[in-house]
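Enquirer: If you scroll down you'll find the structure; I have some questions about it.
Protein chains: 2
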Amino acid sequence: MKTTEKYGKKTDIALSLWVKLARAYYTCAKLSTDNIKTFGLTRPQFCVIECLGHQGEITLTLLSSKLLVTGGNITLVVDNLEKEGLVERIRSKEDRRTINVKLTSKGEGVFKNIFKKHADFITKNVQALTEKEQVQLGKLLKKLGTSLKS
Amino acid sequence: MKTTEKYGKKTDIALSLWVKLARAYYTCAKLSTDNIKTFGLTRPQFCVIECLGHQGEITLTLLSSKLLVTGGNITLVVDNLEKEGLVERIRSKEDRRTINVKLTSKGEGVFKNIFKKHADFITKNVQALTEKEQVQLGKLLKKLGTSLKS
DNA sequence: TATTATTACTTCAAGATTAAATTATTAATG
DNA sequence: CATTAATAATTTAATCTTGAAGTAATAATA
Chain V
1272 MKTTEKYGKK TDIALSLWVK LARAYYTCAK LSTDNIKTFG LTRPQFCVIE
1322 CLGHQGEITL TLLSSKLLVT GGNITLVVDN LEKEGLVERI RSKEDRRTIN
1372 VKLTSKGEGV FKNIFKKHAD FITKNVQALT EKEQVQLGKL LKKLGTSLKS
Chain C
1272 MKTTEKYGKK TDIALSLWVK LARAYYTCAK LSTDNIKTFG LTRPQFCVIE
1322 CLGHQGEITL TLLSSKLLVT GGNITLVVDN LEKEGLVERI RSKEDRRTIN
1372 VKLTSKGEGV FKNIFKKHAD FITKNVQALT EKEQVQLGKL LKKLGTSLKS
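Spelled out as structure tokens, the structure:
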């Protein structure tokens, strides 16, 4: 299905790639979010729990940089997780400006219970691509992403 | 840089793809959003203006389905654009439930002024990939996205 | 025709997100 | 040491986002 050239071939190809990236991401994100919802968590909350589950106790600043969100955002998401008793803030003794976050034992339990399930869910959902295609797609995405950050 | 196998090869490859997709999308989206901001618009506002600029007058329901967002969302974004005098609501006479939206002349002017600029910006930013790679990446993304919607 | 169901949009509540301003603490420097 | 810089986190205002509930208009049906 070839649509008519609108802005020149080069631009058409680039915009088409742009749209496909956004659509693919949207579809994946929606699936993922819906799955996470069955665990009783929002997506940002899941991301925080996953990060803490793998990294252990880290500062709020590091957490926000790993998740690519602003500090104000992390404050709120961690607030909500703290209300649920899944994470706790611990003021550092070396530098009283920094605050570390870690999973509570309840949070650890949740992490152990759901992460593997979610990973399996993701895995199942990309099997329309062969392993080779998955690797190839990953390489191209990485090349694109990396080139843009410079 | 090969990290140790954590959840089995198949899962590792799938999760890696997942992460790369999210990172690439994030980087592209951030660049795009920052560029749109220089036009004095938010990203959702730009998306509405772009859609109306290309499609012409359409119903709110159609607009929300094209942009993959909920109706409540469109109501708000269109509210804000209406306050700026960029779009206007027009109640349909055939079916008084439906409301059409279209660009005002001011909105048309904005669309004509910025869309080409933004398209060129996007084009410039994907040139780290060859045209062949862009097409290849697009194909894989489409295959992934399409397979998930079934 | 009267009732019921569907459709289109809005409103509301909760959470997410950013950028800018603020507070508290530490580091740097004159 | 006192002042100034920088850093870490929070708060605030604005917008976005969803899902659920509500309103109004149209369509379907008994």
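Going down the list, the protein sequences come from chains V and C.
In this text, residue positions in the first sequence follow my numbering: the first is 1272, and each later residue adds one.
In this text, residue positions in the second sequence follow my numbering: the first is 1272, and each later residue adds one.
By construction, the Cβ of each residue, glycine as well, lies at the ideal position given by its N, Cα and C atoms.
1. Counting only C-beta atoms, is T1375(V) closer than 8 Å to chain C at any point?
2. Can you confirm whether N1396(C), when its beta carbon is compared against all beta carbons of chain V, has any partner nearer than 8 Å?
3. Please compile the residues from chain V whose C-beta is within a distance smaller than 9 Å of the C-beta of G1378(C).
4. Rounded to the nearest angstrom, what separates L1408(V) and L1288(V) at their Cα positions?
5. Which residues in chain V have a C-beta closer than 9 Å to the C-beta of V1406(C)? List them in chain order.
6. According to the neighbour-count rule (16 or more other Cβ atoms, all chains shown, within 10 Å of its Cβ), is I1345(V) buried or exposed?
7. Using C-beta distances below 7 Å, list every residue in its chain close to K1377(V), excluding the 5 sequence neighbours before and after it, in chain order.
8. Who are the Cβ neighbours of G1342(C) in its own chain at under 8 Å, not counting the five residues just before and after it?
9. Helix, strand or coil for E1404(C), going by three-state DSSP, please let me know.
10. Where does the unbroken beta strand (DSSP E) through V1358(C) begin, and where does it stop?
11. Note down, in chain order, each residue of its chain lying with its Cβ closer than 6 Å to the Cβ of T1369(V), except the 5 sequence neighbours on either side.
12. Tell me the DSSP secondary structure of L1374(V) in three-state form.
13. In three-state DSSP terms, what is T1282(V)?
14. Where E1321(V) and F1382(V) are concerned, what is the direct C-alpha to C-alpha distance, given to the nearest angstrom?
15. Where does E1341(C) sit, in a helix, a strand or coil, going by DSSP?
16. Have a look at the DSSP bridge pairing and note the partners of I1329(C).
17. Beta-carbon separation of K1373(C) and G1327(C) under 8 Å?
18. Leaving out five residues before and five after Y1278(V) in sequence, what residues of the same chain have Cβ atoms less than 8 Å from its Cβ?
19. Here's the rule: buried if 16 or more other CB atoms are within 10 angstroms of the residue's CB, otherwise exposed. What is T1394(C)?
20. Buried or exposed for I1307(C), please, with buried defined as at least 16 other CB atoms from any protein chain shown within 10 angstroms of its CB.
21. At the 8 Å Cβ level, is D1391(V) part of the contact set with chain C, yes or no?
22. Using a Cβ-Cβ distance under 8 Å, would E1365(C) count as near chain V?
23. Can you confirm whether R1368(C), when its beta carbon is compared against all beta carbons of chain V, has any partner nearer than 8 Å?
24. Are L1412(V) and A1295(C) close, meaning C-beta to C-beta below 8 Å?
25. State the DSSP-derived secondary structure class of Q1398(V), mapped to helix, strand or coil.
26. Check this for me: beta carbons of K1301(C) and G1416(V), under 8 Å apart or not?
27. Are Q1398(C) and L1352(C) touching if we call contact CB-CB under 8 Å?
28. If you reduce the DSSP assignment to three classes, tell me which class G1409(V) lands in.
29. Under 6 Å Cβ to Cβ from R1454(V), same chain only, skipping five residues before and after it: list those, please.
30. Can K1337(C) and T1298(V) be called in contact, C-beta distance under 8 Å?
Expert: Put simply:
1. no
2. yes
3. Those within 9 Å of G1378(C) in chain V number zero; the least Cβ separation is about 20 Å.
4. 13 Å
5. I1284, S1287, L1288
6. Buried is the call here.
7. Residues G1356, L1357 of the same chain have their beta carbon placed closer than 7 Å to that of K1377(V), with the five preceding and five following residues left out of the count.
8. Within the same chain, G1342(C) has close Cβ partners L1331, T1332, S1335.
9. Looking at E1404(C) - three-state DSSP - the assignment turns out to be helix.
10. 1358–1362
11. T1330, S1363
12. strand
13. helix
14. Looking at the two C-alpha atoms, the distance is approximately 7 Å.
15. According to the sequence displayed, residue 1341(C) carries Thr and not Glu. Of the three classes helix, strand and coil, the one that applies to T1341(C) here is coil, per DSSP.
16. Bridge partners of I1329(C) according to DSSP: V1372(C).
17. yes
18. L1286
19. Counting Cβ neighbours within 10 Å, T1394(C) comes out buried, since at least 16 surround it.
20. buried
21. yes
22. Not one chain V Cβ lies under 8 Å of E1365(C).
23. Chain V has no Cβ within less than 8 Å of the Cβ of R1368(C).
24. yes
25. coil
26. no
27. no
28. helix
29. Given a span of 1272 to 1421 for chain V in the structure shown, any question on residue 1454(V) remains unanswerable.
30. no
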